[in-house]
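To start, the structure under review is shown below, and the notes come after it.
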Amino acid sequence: MPRDWVTRTLSLQAAALLTLMGITSSCASEKREDPAPLKSAIEALNARFSEAFSHRDPAAIGQLYAEDAQALPPGAAPVAGRIAIQELWKEVLGSPVARVQLETVEVDGNPSTAWETGRYTLIAKDGSTMDAGKYIVVWKHDDAGWKIYRDMWSSNSPPQAPAPGGPSAERPAKR
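Under mature numbering (1 follows the signal peptide of the UniProt record, and there is no 0), the letters of the sequence shown match residues -28 to -1, 1 to 147, in that order.
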């Protein structure tokens, strides 16, 4: 093996290591947010969401989302933008769900971005549980405060079987 090749290889490895160290230290230099006040802030916003849901106010729900937000509902295509997300919630608010309970399980982040995992419960007018599931939200901080940037949720219930005679994996829908 030529000595020049070994020297060049070691130099490239050293440069790659220094670059990686620089990237790592620059990522670490963005101070992590203290999770306790961050969790309290997010729980307060979740309370506003639940209140707006109970009052059937899609505009108030929409204001909790960033302009460039995306909602990722189960069994549906992503919904992009605050106005489209507000329309999504307008449809949901037409359902028999009376209220939603949100329980934040974990929050972490930095001054500009936070992520939250939690559990939700959908409650009917008679107080019975209609559904329970989990969610993950990415929050973005801007001049207006914390806003929902990405919102994804799914039920803990197994998927429902297709209706008899409807499309299935063996018999797809006709185009």
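Glycine residues also receive a C-beta, built at the ideal position from the N, C-alpha and C atoms.
Task: Inter-residue spacing [alpha-carbon to alpha-carbon] between Met124 and Asp115 - done: 24 Å
Open item on the list: So, under 8 Å CB-CB, Ser110 and Tyr92 are touching, yes? Tell me the CB distance rounded to an integer number of Å.
Closed with: Contrary to the premise, residue 110 reads as Val rather than Ser in this sequence. Rounded to whole angstroms, the Cβ separation of Val110 and Tyr92 is 16 Å, and the two are not in contact under 8 Å.
Open item on the list: Please state the DSSP three-state secondary structure of Gly137.
Closed with: Coil at Gly137, not helix or strand.
- [ ] Starting from Gly34, trace the alpha helix (DSSP H) both ways and give me its first and last residue.
- [x] Pro30 to Gly34
TODO: Measure the C-alpha to C-alpha separation of Ala86 and Ser126 and round it to an integer number of angstroms.
DONE: 20 Å
Open item on the list: From the DSSP secondary-structure annotation, give me the bridge partner or partners of residue 154.
Closed with: Here the chain comprises residues numbered -28 to 147, so residue 154 is not present and cannot be evaluated.
TODO: Take the Cβ of His27 as the centre, count every other Cβ of all protein chains shown within 10 Å, and call the residue buried at 16 or more, exposed below.
DONE: exposed
Task: Straight-line Cα distance separating Trp61 from Arg54 - done: C-alpha separation (whole angstroms): 11 Å.
Open item on the list: Could you compute how far the alpha carbon of Pro30 sits from the alpha carbon of Ile108?
Closed with: Roughly 20 Å between the two C-alpha positions.
Open item on the list: Quick check on DSSP: helix, strand or coil for Gln58?
Closed with: helix
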